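Colleague:
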Amino acid sequence: MTDITFGEAKIKAVGDLMRDDERVIIIGGAGFGGLLHAKHVKPLHDEFEPRILRTPIAELGFCGMGIGAAMAGLYPIVTIGTGSFAFEAWPQIVNEAPNISYMSGGQVKVPIIFHALVGIRISGAAQHSARPQAMLMQAAGLQVIAPARASDVKGLLSAAKDSERPTFWIDHPLLFEEKQPSNGGTSLPLGKAAVVRKGKDVTLVGYSIDLVRCLEAATQLANASIDAEVIDLRTLTPLDADTICESVAKTGRLVIADECYPAASVASEVASIFTDRGFGLLKKPARRLNFPAVPVPLSPPLEQHLLPRVDKIVAAAKELVN
Amino acid sequence: MTDITFGEAKIKAVGDLMRDDERVIIIGGAGFGGLLHAKHVKPLHDEFEPRILRTPIAELGFCGMGIGAAMAGLYPIVTIGTGSFAFEAWPQIVNEAPNISYMSGGQVKVPIIFHALVGIRISGAAQHSARPQAMLMQAAGLQVIAPARASDVKGLLSAAKDSERPTFWIDHPLLFEEKQPSNGGTSLPLGKAAVVRKGKDVTLVGYSIDLVRCLEAATQLANASIDAEVIDLRTLTPLDADTICESVAKTGRLVIADECYPAASVASEVASIFTDRGFGLLKKPARRLNFPAVPVPLSPPLEQHLLPRVDKIVAAAKELVN
Amino acid sequence: MIPVLSRDDCLQAFRKMLLIRRFEEACIAAAHKGQVPGHFHVYIGQEATGVGVMAVLDKGDFVHSTHRNHGHLLARGADPKKAFAEILGKATGYAGGKAGTLHGCAPDLNFPLSSGIVAGILPISTGTAYAFKHRQQPNVSAVFFGEGAMEEGAAYEALNLAALWKLPVLFICENNTAEVERTPGQAGYHAPNLSIFELTDLAKSMNIATTIVDGSDLGAVWNAAKTARARAVSGGGATFMEVRTETWPGGQWPTLVTGRTDIRHAWTREVPEKYAHLAAWFERNDPVLSVAREMLAVGIVSERDLSTIDAAVQDEIDQAVKFANESPFPDSQTALTHVWPQ
Amino acid sequence: MIPVLSRDDCLQAFRKMLLIRRFEEACIAAAHKGQVPGHFHVYIGQEATGVGVMAVLDKGDFVHSTHRNHGHLLARGADPKKAFAEILGKATGYAGGKAGTLHGCAPDLNFPLSSGIVAGILPISTGTAYAFKHRQQPNVSAVFFGEGAMEEGAAYEALNLAALWKLPVLFICENNTAEVERTPGQAGYHAPNLSIFELTDLAKSMNIATTIVDGSDLGAVWNAAKTARARAVSGGGATFMEVRTETWPGGQWPTLVTGRTDIRHAWTREVPEKYAHLAAWFERNDPVLSVAREMLAVGIVSERDLSTIDAAVQDEIDQAVKFANESPFPDSQTALTHVWPQ
Ligand SMILES: Cc1ncc(C[n+]2csc(CCOP(=O)(O)OP(=O)(O)O)c2C)c(N)n1
Ligand SMILES: Cc1ncc(C[n+]2csc(CCOP(=O)(O)OP(=O)(O)O)c2C)c(N)n1
Ligand SMILES: [Mg+2]
Ligand SMILES: [Mg+2]
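Residue numbers (this note's numbering), protein chains in the order written: chain P, 10 to 331; chain H, 10 to 331; chain F, 11 to 352; chain C, 11 to 352.
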């Protein structure tokens with residue numbers, strides 16, 4: 010178990026998938042990192058060049074192409090690049106891929122991963138900062154995974170592949186350089202959240218980059234003698250309500266960090282669990298930290314003002330506990 | 010105050026908008042009803058023929074065209090047709106229109122209405138039954154209205170127009186022939202839900218076709234001596250949490266009917282209110298009636314099995330009250 | 011033109027065309043009894059296209075279609091029983107009733123789910139073709155779509171993808187508005203709203219091989235498809251076929267404006283007074299009658315043979331309808347299967 | 011070629027081109043100091059296009075752009091102070107810091123928000139043009155985009171819409187990969203992945219007027235734009251202009267690979283050893299140097315005039331940079347304005 014960056018673990022996981030099964034191909038040259046990480050991705054691209062299809066700027070076309078390739082027995086990983094570009098391919102991602110297995114009575118499978126670097130990448134401004142994940146949770150038949158830790162990425166990718174279901178991989182541009190222990194490998198159950206840090210005073214729920222923020226908040230809270238339990242959702246569809254309920258049954262307090270806009274968000278869904286399955290478990294109102302309902306501005310102080318920052322998580326947790 | 014169909018009221022409201030302001034144009038010949046209602050829409054089309062732009066099957070192109078026309082001083086009502094086709098235009102609807110006013114520091118306005126017949130139209134199957142409304146609630150800067158009653162449609166349209174904000178009008182194919190009293194006319198406040206039926210035992214929340222279902226359920230519940238309060242959300246963005254909270258403060262019980270898929274849905278958002286602003290108001294767990302997380306099948310018994318039917322609303326309310 | 015086809019090929023093709031015609035007539039009849047859920051799109055008037063193309067395809071090829079897929083399914087060899095049952099939403103249908111008319115499928119025939127979204131299927135078809143190319147497998151993907159699909163950017167992107175990698179795709183654009191005067195700016199389903207005057211011009215500009223074929227001419231379709239398939243499997247890339255048919259005059263769903271086809275019409279040429287206004291269509295554009303006449307002319311069949319074939323076909327369809335009607339609707343619990351593990 | 015332009019026109023255009031060049035150099039310098047939020051796209055090497063087109067536009071015309079909008083903004087007459095401040099995210103910028111580099115705008119100049127989505131702006135531009143047509147207003151919409159945009163279906167749909175209604179649009183496709191050998195199947199930002207060999211072929215197939223212009227030739231751009239605008243306002247519909255420029259050799263953001271332009275280079279032709287590999291670009295493709303040389307050749311300016319102009323321009327940019335640097339960031343509360351009533 011050594012420390013590596015999330016980006017390294019990710020590149021390795023994709024490489025392993027490709028080494029293990031020659032049906033795995035990559036469609037879309039966008040890659041698995043932003044411009045700044047191109048050098049880390051290059052070895053992967055070099056090793057598998059003949060299995061990488063560098064496409065035109067035609068997201069709708071090449072996502073559909075991926076679906077066809079999947080139907081015909083390949084396993085495409087479609088790299089869309091920035092998450093906002095997934096909107097260009099929306100008809101294929103939400104209205105073709107997720108329907109096919111069901112509508113065909115289970116006969117036609119679409120084993121595919123769509124990958125995008127979604128979220129607030131810092132000064133990407135409104136059109137390059139989309140968080141489509143809550144929208145994707147509204148596409149029944151689509152699996153949504155969001156590995157945030159080096160130790161999980163291989164396991165979640167393998168599980169997604171084994172499931173043969175169309176899967177959207179919510180990746181985040183700011184995760185790449187996160188240094189984390191890597192002990193991952195085996196296939197992980199989909200729809201199982203992870204308790205990343207045990208605690209008893211308050212439950213912090215995050216995923217993707219917001220998991221990193223929650224962990225940092227937990228460290229700061231510990232200094233203030235607040236013992237936070239931190240949960241990584243890991244998969245958004247299916248969502249693991251049980252693990253969250255178990256934690257809140259213990260802590261009675263819930264903070265959710267989620268870069269999505271507030272309404273009908275991942276955080277809404279998590280909070281709403283406590284109006285049915287988890288009814289009565291909350292001792293205090295839940296605190297949802299979303300990006301407020303305005304487009305993402307470029308200017309750094311504005312963007313920072315709106316982000317679900319670590320200090321906001323800390324403050325919310327303190328309010329709940331005190 | 011006479012009884013007319015929702016469809017008639019809708020056609021009249023659009024006509025009034027066009028008569029009152031010659032900047033109003035219609036883009037997209039799809040119209041305001043399905044094939045079966047073409048004859049009702051025809052007079053509108055005839056009256057305003059020169060102001061109707063019948064477009065190619067190019068939703069992405071003509072929704073963008075509407076945005077440009079709006080920027081340049083027209084007021085386009087863009088008729089997309091079936092709600093699922095909004096996905097074709099997703100980049101323009103969620104990543105251009107809603108950002109423009111904000112990003113330009115309020116200088117460039119995009120006064121436009123996108124109209125679509127969304128929802129389960131009965132045997133439309135998976136690709137013609139989309140309910141994009143929860144996804145649209147994730148597009149900050151976009152207003153989402155969902156008039157369900159003849160008396161509201163004119164008021165909400167006028168308010169949307171006066172706001173000069175890009176607006177998505179969630180219409181439903183099954184609303185057309187609903188007969189309702191029409192006393193509407195003046196501009197209504199956006200973001201204000203309506204208490205459509207007063208009651209004290211349980212709160213039923215709906216919008217669009219689900220409001221109709223809730224009202225029918227309330228009638229049936231009354232026969233069982235359960236006095237249901239029925240709330241019509243009317244606008245999904247902004248959403249009126251206060252009115253819902255007031256009602257639940259009284260009833261302590263909440264049933265939400267929503268054709269969306271369960272996760273990150275309109276119902277999730279409404280329920281989640283009771284984990285913060287409305288914390289402690291629920292005496293019983295909230296009951297959310299969504300369309301389960303599978304694509305919409307064609308076969309009538311399957312589709313019926315999955316719909317948030319009136320009898321399911323009734324049963325849920327009874328369980329909560331008894 | 012028939013001469014290029016063998017007698018057997020010809021007879022088999024004709025039988026399939028007639029099967030499609032009778033199938034669609036049965037659909038409309040069922041719709042009038044309120045038995046068909048949702049609205050549907052029939053293939054009457056376009057039978058020669060599906061049948062002609064499918065005749066040259068290999069078992070391993072993929073076939074992709076749209077909302078107007080009934081004819082393609084049957085031409086590919088689908089069981090009319092299961093196809094009809096699916097349209098009625100029955101448990102015995104190809105997809106257990108989930109797919110219905112818009113999403114015709116017969117996975118065992120390499121006919122995966124049709125897309126009900128105009129142009130949605132074109133990108134998908136480049137993907138199945140890419141898989142063939144990637145595996146160096148000598149197969150092709152045939153994708154059927156209407157001229158309306160060409161108004162969508164998705165079609166443009168798909169053509170470009172196919173052209174860039176010389177993918178083995180047969181793009182079969184069924185232009186069923188060929189007779190409409192092309193007046194730009196006039197929209198509506200059956201008036202093209204594409205400023206590209208010749209539909210083949212786009213493919214041409216991308217260096218994709220193109221051909222324009224008369225859709226009432228079975229032999230012409232057959233030949234064009236054969237050439238296109240041979241080109242594709244030998245690495246020559248895609249072909250864009252525009253197949254022109256006159257719009258079936260009964261486009262108004264779900265009315266059978268032309269009436270039930272009377273096969274004797276092929277030789278008697280008697281147009282009932284009620285359908286006098288459609289005389290030209292019966293005479294020139296009805297592909298089923300055209301092929302019947304061609305076969306009569308070259309002596310492949312007699313009038314009597316035609317009547318015998320027709321009776322057999324009608325019987326097959328009657329049985330399909332009976333099967334579908336008697337089949338149960340799916341159990342409501344199956345509504346939840348096939349997405350997540352149960 | 012200069013002769014078609016008056017001395018004043020020419021001088022003013024040159025000054026604007028140089029302003030753009032110095033502005034972009036300043037952007038890169040600021041980026042090296044870590045002052046520019048986000049990543050940005052400079053207009054170096056394409057100056058003649060924006061300036062040439064904008065010169066023929068009317069105040070009432072609309073101008074639409076993309077991620078690569080700095081040059082278009084300045085060519086349209088935007089204040090370099092407010093433009094630079096916006097790029098730095100300052101309160102004094104055109105949009106109070108909200109828009110930044112990707113969403114350049116100057117609404118008072120009929121230059122609404124640029125789109126950062128490749129091809130996203132093309133449909134929008136047909137809408138502003140439609141409004142002109144609808145009101146019978148003699149104006150046009152000019153939309154700038156890269157050749158990459160032609161890979162998106164959105165571009166195709168927009169061209170079709172413009173063609174169907176003969177909308178007054180100037181589609182200006184800035185092909186900054188014109189020198190790249192076109193090898194289908196090789197992607198990446200600067201290698202076209204469009205199987206349409208001549209970009210103008212698509213517009214041609216739609217019966218849209220087309221023209222191909224050399225982007226280092228200010229006069230040629232100017233003329234072509236003038237013809238196009240006249241056609242549009244007289245009801246002749248859209249024009250598709252492909253303007254070809256050699257890729258600015260310093261495409262690797264945010265490196266100024268060519269070094270800071272030395273205006274004396276126009277006459278000394280001394281390429282510093284460090285930039286020897288770019289000699290051909292300096293000699294043939296740099297539009298700023300090209301125009302300078304043309305003006306020298308026909309005697310519009312002296313070498314000394316050029317240096318004087320350059321000094322003035324540099325001073326204007328220095329002041330813009332100073333202004334932007336000294337401007338405050340917006341108050342964090344403004345993050346919540348301009349969507350809902352506060
Ligand atoms: C994206 C999208 N927009 C609109 C529709 C509605 N629609 C269904 S069929 C049709 C016409 C299609 O014409 P064409 O492609 O020529 O096929 P045809 O019906 O003539 O076979 C339209 C517009 C749709 N299914 N998908
Ligand atoms: C829909 C979409 N896909 C991908 C991108 C990422 N992207 C930004 S610039 C660019 C290249 C654009 O090339 P071109 O249109 O020729 O413009 P240029 O940068 O050469 O001026 C790409 C792919 C984007 N902005 N939008
Ligand atoms: Mg057609
Ligand atoms: Mg370019």
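Note that CB positions come from ideal geometry on N, CA and C, so glycine has one too.
Owing to the predicted nature of the structure, the values given are computational and were not obtained by experimental measurement.
Give me every residue whose Cβ sits closer than 6 Å to any heavy atom of ligand 4, in chain order.
Modeller: Going by the Cβ distance cut-off, the answer is 156(C), 157(C), 158(C), 186(C) and 187(C).
Colleague: Which residue marks the beginning of the alpha helix (DSSP H) containing residue 51(P), and which one marks its end?
Modeller: Here the alpha helix (DSSP H) through residue 51(P) covers 47-56.
Colleague: I need the boundaries of the alpha helix (DSSP H) containing residue 181(P), first residue and last residue.
Modeller: Looking at the DSSP string, residue 181(P) is not in any alpha helix (DSSP H), and its letter there is neither H nor E.
Colleague: Check the Cβ-Cβ distances between residue 110(H) and every residue of chain C, and say whether any is below 7 Å.
Modeller: Yes, contact with chain C.
Colleague: Any heavy atom of ligand 5 closer than 6 Å to the Cβ of residue 267(F)?
Modeller: Absence of ligand 5 from the depicted structure is noted, with ligand 1, ligand 2, ligand 3 and ligand 4 being the only ligands included.
Colleague: Please classify residue 14(C): is it buried, with 16 or more other beta-carbons within 10 angstroms of its beta-carbon, or exposed?
Modeller: Exposed is the call here.
Colleague: By Cβ distance below 7 Å, which residues in the same chain neighbour residue 63(H) in space, the five residues on each side in sequence not counted?
Modeller: 38, listed in sequence order.
Colleague: Which full runs of the beta strand (DSSP E) of 3+ residues lie inside the segment 234-318 of chain C, going along the chain?
Modeller: Fully enclosed beta strand (DSSP E) runs of 3 or longer: 249-254.
Colleague: At a Cβ threshold of 7 Å, is residue 158(C) touching chain P?
Modeller: Cβ-Cβ to chain P under 7 Å: yes for residue 158(C).
Colleague: Taking three-plus beta-carbon pairs below 8 Å as touching, is the segment 29-37 of chain P in contact with the segment 90-97 of chain F?
Modeller: Result no; under three Cβ-Cβ pairs closer than 8 Å.
Colleague: Comparing the C-beta of residue 203(F) with each C-beta of chain H, is any distance below 7 Å?
Modeller: At least one chain H Cβ lies under 7 Å of residue 203(F).
Colleague: Among 251(F), 38(F), 243(F) and 319(F), which residue has its Cα nearest to the Cα of residue 22(F)?
Modeller: When each option's Cα is compared against that of residue 22(F), the closest is 319(F).
Colleague: Between the alpha carbons of residue 61(H) and residue 54(H), how many angstroms are there, rounded?
Modeller: When rounded, the distance between both Cα atoms is 7 Å.
Colleague: Would you report the Cα separation of residue 306(H) and residue 345(F), rounded to the nearest angstrom?
Modeller: Those two C-alpha atoms are separated by around 7 Å.
Colleague: Given the structure, does residue 97(P) come close to ligand 2, in the sense that its CB is under 6 Å from one of the ligand's heavy atoms?
Modeller: Under cutoff, so the answer is yes.
Colleague: Chain P partners of residue 109(F), CB-CB under 7 Å?
Modeller: Result: 112 and 113.
Colleague: Residue 216(P) versus chain H: which residues are under 7 Å apart at the beta carbon?
Modeller: Within chain H, no residue comes near residue 216(P); the closest Cβ sits about 13 Å away, beyond 7 Å.
Colleague: Under 7 Å Cβ-Cβ, which residues of chain F neighbour residue 252(C)?
Modeller: Here the premise fails: no neighbours, minimum Cβ distance about 14 Å.
Colleague: Where does residue 318(P) sit, in a helix, a strand or coil, going by DSSP?
Modeller: It is coil, neither helix nor strand.
Colleague: On the CB-based measure, 16 or more other CB atoms within 10 Å of its CB, does residue 58(H) come out buried or exposed?
Modeller: Result: exposed.
Colleague: Measure the C-alpha to C-alpha separation of residue 201(F) and residue 166(C) and round it to an integer number of angstroms.
Modeller: Because residue 201(F) carries a pLDDT of 44, less than 50, the predicted location of this residue cannot be relied on, and no value is offered for it.
Colleague: Give me the DSSP bridge partner(s) of residue 212(P).
Modeller: Per DSSP, 238(P) and 263(P).
Colleague: So which residues on chain C does residue 105(H) lean against when the C-beta distance must stay under 9 Å?
Modeller: The answer, in chain order, is 123, 125, 127, 130, 131, 133 and 134.
Colleague: Is it right to say residue 313(H) is buried, meaning 16 or more other beta carbons lie within 10 angstroms of its own, or is it exposed?
Modeller: By the neighbour-count rule (16 or more Cβ atoms within 10 Å), residue 313(H) is not buried but exposed.
Colleague: Taking a Cβ distance cut-off of 9 Å, strictly less, list which residues of the segment 22-52 of chain F are near chain A, in chain order.
Modeller: Judged by its chain identifiers, the structure shown contains no chain A, and its protein chains are P, H, F and C.
Colleague: Taking 8 Å as the limit between beta carbons, can you name the residues of its chain near residue 270(F), skipping five residues before and five after?
Modeller: Excluding sequence neighbours, residue 270(F) sits near 35.
Colleague: By how many angstroms is the C-alpha of residue 85(P) removed from the C-alpha of residue 242(P)?
Modeller: Roughly 25 Å between the two C-alpha positions.
Colleague: In chain order, which alpha helix (DSSP H) runs of at least 4 residues are fully inside the segment 109-184 of chain P?
Modeller: You should have 142-145 and 159-172.
Colleague: Which of the three DSSP states is assigned to residue 163(C) in this structure?
Modeller: Three-state DSSP puts residue 163(C) in a helix.
Colleague: Taking 6 Å as the cut-off, is the C-beta of residue 77(C) nearer than that to any heavy atom in ligand 2?
Modeller: For ligand 2, at least one heavy atom lies less than 6 Å from the Cβ of residue 77(C).
Colleague: Name the one or two DSSP bridge partners that residue 184(F) has.
Modeller: DSSP output for residue 184(F) lists 156(F) and 253(F) as bridge partner(s).
Colleague: Are the Cβ atoms of residue 155(C) and residue 111(C) separated by less than 7 Å?
Modeller: No; because the gap between Cβ atoms is not below 7 Å, this pair is not in contact.
Colleague: Would you report the Cα separation of residue 183(C) and residue 217(F), rounded to the nearest angstrom?
Modeller: Between residue 183(C) and residue 217(F), the C-alpha separation is close to 21 Å.
Colleague: What does a CB cutoff of less than 7 Å around residue 79(C) pick up in its chain, not counting 5 residues either side in sequence?
Modeller: Excluding sequence neighbours, residue 79(C) sits near 114 and 124.
Colleague: Over what stretch of residues does the alpha helix (DSSP H) that includes residue 82(F) continue unbroken?
Modeller: Residues 80-85.
Colleague: Please classify residue 116(H): is it buried, with 16 or more other beta-carbons within 10 angstroms of its beta-carbon, or exposed?
Modeller: Per the 10 Å Cβ criterion, buried.
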